[in-house]
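Protein chains: 2
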Amino acid sequence: MQKDTKYFELYRSLQNRIIKGEFMLGTLLPSETELKQAYHVTQPTIRHALELLVNDRLIKKHQGKGSIVLPRPVGVGIISFEGRSVTSQNDDLEIQTKIICDPTKVSWPANPPFIPTEKELQLDVYQLERIRTLNNEDVFFEKLWIPNVQLDGFCTLNFNNNSLYEILASLYNITIKSSEQKIWAKAADERISTLLNIELGSPIVRMERRLETNIPNINIYSSLWANTENYLLYCIS
Amino acid sequence: MQKDTKYFELYRSLQNRIIKGEFMLGTLLPSETELKQAYHVTQPTIRHALELLVNDRLIKKHQGKGSIVLPRPVGVGIISFEGRSVTSQNDDLEIQTKIICDPTKVSWPANPPFIPTEKELQLDVYQLERIRTLNNEDVFFEKLWIPNVQLDGFCTLNFNNNSLYEILASLYNITIKSSEQKIWAKAADERISTLLNIELGSPIVRMERRLETNIPNINIYSSLWANTENYLLYCIS
DNA sequence: ATATACAACTTATTATAACAAGTTAGATGC
DNA sequence: GCATCTAACTTGTTATAATAAGTTGTATAT
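Listed below in structure tokens is the structure:
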């Protein structure tokens, strides 16, 4: 749609350069005048592109000063962990990811908790199942659906012990912009108690999430079951 | 800051007119040409204002068609409900709010789940306890802390059956911009099972939330206990 | 040395203009 | 009647231009 416009090209170029680390965090991006000359476009085009970067929280603009490169934002809607006890430091946490089910192309589920967009229905979708462990304790089980938006080689990637969202950001330029969540508590059934190695009937958190990406009308869908006995879920938005 | 600019004035004007219901939902806003003539500004100014409305999710633009007025967006981080069964429509829900503890000025709690900002520590804080019921079923219990940022007459307001966030928005111009959440599941203890009228030990959702407002360094803090047997929590961000 | 003033940057606002591209409804042709 | 084309809308993109306003470092005056 907007892929062949100048401002969008410029936006993607700068986005890439920032994510690849070409500009040091906290330093200033080239000024609008410099960019103007470098990319042979005019000020409105530059400003349009920079505005998209501000929306991505990749830069912050300061009148009279310049555009400061921000640290890679912690993804909105992305879940992380926190120890339940006050003393436990998050730094100690040894996080592992076990892939239960390698990414496979599937068709869309029949009764999804969120209705896929039309654009998504026209695409294949990768399904992925994983368990995350903290200090060797299985903490949550997650099923993910990721629409195949030119995810070349996605199936061959090694997801163990890698942040899925880091991979999506660095390899495919996909970031999470917002999220919708449905949350409830549930007693662990047989399957989950086995998977997470907890007692049958102990309270777990269930979430169904739709993660809106920076690609229009493309979302990542996630179902998760979390054992929150010793760790809790942390989520910013 | 930007209050005396033309695009910002136009933005606020249109925002007000939309919220006040001057434009029917789903209909088209006046075209850019019409707005241009009505407000005596040029196209870039119009477009800048409309862009802010898009960010607010108050309108959606369609090339060649116009700007469609959207239903009032559910606030970021604000929790709403959804029936568990697919058939139940949210429209049927009869929502009530019971204030357990009227707003009172208190001092900051000793071991908060989130560290208050310095600015907040210099202010009083209102504490408020409420239970929300859906179709006469007690669904969640919430404790709220709201820093006293010139909330004149806040204690004398009637919060029953009113959306707290609507009040904050319309009377005090306070809106929620983002949120941090800590989530876990728990078995209901004696107090909660009594409050929410559920069985001892049934799984409930516990959340501690920090809601960032549009006032810099001012947050609203919320602790909640939710019975999600028949309804689930819904939260966008 | 320290404070002030200023020049040279930066981004922000606004106007004007021309053309591209999507949508819609009515006119036209069959 | 029905499909097609077209004219008249709509928003989207991009360029040029002038001015406002915030920031920073240097030169100047005290």
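Chains as they are written, first to last, in my numbering: chain A, 25 to 261; chain B, 25 to 261.
Just so you know, even glycine gets a beta-carbon here, dropped at the ideal spot from N, CA and C.
Here the structure is a predicted model, which is why all the values come from computation and not from measurement.
Judging by CA-CA distance, which residue of A:Glu106, A:Pro95 and A:Leu38 is the nearest neighbour of A:Leu77? Looking up residue 77 of chain A in the first sequence gives position 53. Cα-wise, what sits closest to A:Leu77 is A:Leu38.
Give me the DSSP bridge partner(s) of A:Lys85. Residue numbering aside, residue 85 of chain A sits at position 61 when the first sequence is read from its first letter. Paired residues: A:Ser91.
DSSP three-state call for B:Lys30: helix, strand or coil? In the second sequence, the residue the question calls residue 30 of chain B occupies position 6. B:Lys30 carries a helical assignment under DSSP once its states are collapsed to helix, strand and coil.
Which term fits A:Leu224, buried or exposed, when burial requires 16 or more other beta carbons within 10 angstroms of its beta carbon? Residue numbering aside, residue 224 of chain A sits at position 200 when the first sequence is read from its first letter. Label assigned to A:Leu224: exposed.
Where B:Ile228 sits in the DSSP three-state scheme: By 1-based counting over the second sequence, the position of residue 228 of chain B is 204. Shown here, B:Ile228 sits in a strand according to DSSP, grouped into three states.
Give a yes or no on whether 8 Å exceeds the smallest Cβ distance from A:Val78 to chain B. The count along the first sequence starts at 1 and reaches residue 78 of chain A at position 54. For A:Val78, the answer is no, since every Cβ of chain B falls outside 8 Å of its Cβ.
Which whole-angstrom value describes the C-beta separation of A:Ser203 and A:Leu235, a residue pair presumed to lie in contact below a C-beta threshold of 8 Å? Numbered from its first residue, the first sequence carries residue 203 of chain A at position 179. Numbered from its first residue, the first sequence carries residue 235 of chain A at position 211. Rounded, the Cβ-Cβ distance is 5 Å, consistent with contact.
So, using beta-carbon positions, are B:Leu277 and A:Ile139 closer together than 8 Å? Outside the shown range of chain B (25 to 261) lies residue 277 of chain B, about which nothing can therefore be said.
Contact residues within the segment 231-261 of chain B, judged by C-beta distance below 7 Å to chain A: From the segment 231-261 of chain B, only Thr252, Leu256, Leu257, Tyr258, Cys259, Ile260 and Ser261 have a Cβ closer than 7 Å to chain A.
Rounded to whole angstroms, what is the Cα-Cα separation between B:Leu145 and B:Asn172? Indexing the second sequence from 1 puts residue 145 of chain B at position 121. Indexing the second sequence from 1 puts residue 172 of chain B at position 148. Approximately 10 Å between the Cα atoms of the pair.
In the DSSP assignment, what are the bridge partners of B:Leu192? Against the second sequence, residue 192 of chain B aligns to sequence position 168. B:Leu192 is not bridged to any residue.
Of all the CB atoms in chain B, is at least one closer than 8 Å to the CB of A:Ile222? Looking up residue 222 of chain A in the first sequence gives position 198. Output row for A:Ile222: interface = no.
So, using beta-carbon positions, are A:Ala73 and A:Leu49 closer together than 8 Å? On the first sequence, residue 73 of chain A is found 49 positions in, with the first residue counted as 1. On the first sequence, residue 49 of chain A is found 25 positions in, with the first residue counted as 1. Not a contact, by the Cβ cut-off of 8 Å.
Alpha carbon to alpha carbon, what distance is there between B:Ser226 and B:Glu153? Against the second sequence, residue 153 of chain B aligns to sequence position 129. Against the second sequence, residue 226 of chain B aligns to sequence position 202. Each residue's alpha carbon lies about 22 Å from the other.
Any idea what DSSP makes of B:Val65, helix, strand or coil? On the second sequence, residue 65 of chain B is found 41 positions in, with the first residue counted as 1. Coil.
Look up B:Glu142 in the DSSP assignment and say whether it is helix, strand or coil. Position 118 of the second sequence, counted from the start, is the residue given in the question as residue 142 of chain B. It is helical.
Span of the beta strand (DSSP E) around A:Thr157: As a position in the first sequence, residue 157 of chain A is number 133, starting the count at 1. Counted as a single uninterrupted DSSP element, the beta strand (DSSP E) harbouring A:Thr157 occupies residues Val149 to Leu158.
I'd like the span of the beta strand (DSSP E) that includes A:Ser247, first residue to last. Along the first sequence, one-based indexing puts residue 247 of chain A at 223. Start and end: Asn243 to Ala250.
Taking the beta strand (DSSP E) that B:Ser203 belongs to, which residues open and close that run? By one-based count along the second sequence, residue 203 of chain B stands at place 179. Taken as a continuous stretch (DSSP letters only), the beta strand (DSSP E) holding B:Ser203 covers Ile200 to Ala211.
Which value, in whole angstroms, describes the spacing of the CA atoms of B:Glu214 and A:Ala211? Residue numbering aside, residue 214 of chain B sits at position 190 when the second sequence is read from its first letter. Residue numbering aside, residue 211 of chain A sits at position 187 when the first sequence is read from its first letter. Between B:Glu214 and A:Ala211, the alpha-carbon positions lie close to 18 Å from each other.
Own chain partners of B:Arg41 with C-beta closer than 8 Å, once the 5 adjacent residues on each side are dropped: Counted from its first residue, the second sequence places residue 41 of chain B at position 17. Apart from sequence neighbours up to five positions away, the residues of its chain that approach B:Arg41 with a beta-carbon distance below 8 Å are Phe47, ordered along the chain.
Residue of A:Phe165, A:Lys89, A:Leu147 and A:Ser131 minimising C-alpha distance to A:Gln120: Residue mapping note: residue 120 of chain A aligns to position 96 of the first sequence, counting from 1. A:Gln120 has its Cα closest to that of A:Phe165, out of A:Phe165, A:Lys89, A:Leu147 and A:Ser131.
Ordered along the chain, which non-local residues of its own chain (more than five positions away) have a Cβ less than 8 Å from that of A:Thr141? Translated into the one-based positions of the first sequence, residue 141 of chain A becomes position 117. Cβ neighbours of A:Thr141 beyond the five flanking positions: Asn241, Ile242 and Asn243.
Using the C-alpha atoms, what's the distance from B:Thr237 back to B:Arg71? By one-based count along the second sequence, residue 71 of chain B stands at place 47. By one-based count along the second sequence, residue 237 of chain B stands at place 213. Straight-line spacing of the CA atoms in B:Arg71 and B:Thr237 works out to 26 Å.
Under the three-state reduction of DSSP, which class applies to B:Ala173: helix, strand or coil? Counting from one through the second sequence, the residue named residue 173 of chain B turns up at place 149. For the record, residue 173 of chain B in the displayed sequence is Val; it is not Ala. Note: B:Val173 maps to coil in three-state DSSP.
Cutoff 8 Å: B:Glu106 Cβ touching any chain A Cβ: Your numbering for residue 106 of chain B matches position 82 in the second sequence. Cβ-Cβ to chain A under 8 Å: yes for B:Glu106.
Residues within the segment 186-220 of chain B neighbouring chain A, beta-carbon criterion of under 8 Å: Those residues of the segment 186-220 of chain B that come within reach of chain A (Cβ to Cβ, closer than 8 Å) are Ser202, Ser203, Glu204, Gln205, Lys206, Ile207, Trp208, Ala209, Lys210 and Ala211.
Residue-chain proximity (B:Ile228, chain A), Cβ-Cβ < 8 Å: Counting from 1 along the second sequence, the entry for residue 228 of chain B is found at position 204. Closer than 8 Å to the CB of B:Ile228 there is at least one CB belonging to chain A.
Just to check, is the beta-carbon of A:Leu192 closer than 7 Å to a non-hydrogen atom of the ligand MN? By its list of ligands, the structure shown contains no ligand whatsoever, and the ligand MN lies outside what it can speak to.
Strictly by DSSP, which residues pair up with A:Ser104? Here residue 104 of chain A refers to the residue found at position 80 of the first sequence. DSSP lists A:Tyr258 as the bridge partner or partners of A:Ser104.
Between the C-alpha atoms of A:Ser261 and A:Pro137, what's the straight-line distance to the nearest angstrom? Numbered from 1 along the first sequence, position 237 holds the residue referred to as residue 261 of chain A. Numbered from 1 along the first sequence, position 113 holds the residue referred to as residue 137 of chain A. Their Cα atoms are separated by approximately 20 Å.
Using the C-alpha atoms, what's the distance from B:Cys259 back to B:Ser104? Here residue 104 of chain B is taken as the residue at index 80 of the second sequence, counted from 1. Here residue 259 of chain B is taken as the residue at index 235 of the second sequence, counted from 1. Taking the straight line from one Cα to the other gives about 6 Å.
Contact check, B:Ile200 vs B:Gly90, beta carbons under 8 Å: If you number the second sequence from 1, residue 200 of chain B lands on position 176. If you number the second sequence from 1, residue 90 of chain B lands on position 66. Contact: no.
With distances taken Cα to Cα, identify the nearest neighbour of A:Leu175 among A:Leu147, A:Thr157 and A:Asp162. Within the first sequence, residue 175 of chain A is the residue found at index 151, counting from 1. It is A:Leu147.
Could you confirm whether any beta carbon from chain A is found closer than 8 Å to the beta carbon of B:Gly88? Taking the second sequence and counting its residues from 1, the one referred to as residue 88 of chain B is at position 64. The beta carbon of B:Gly88 sits no closer than 8 Å to any beta carbon of chain A.
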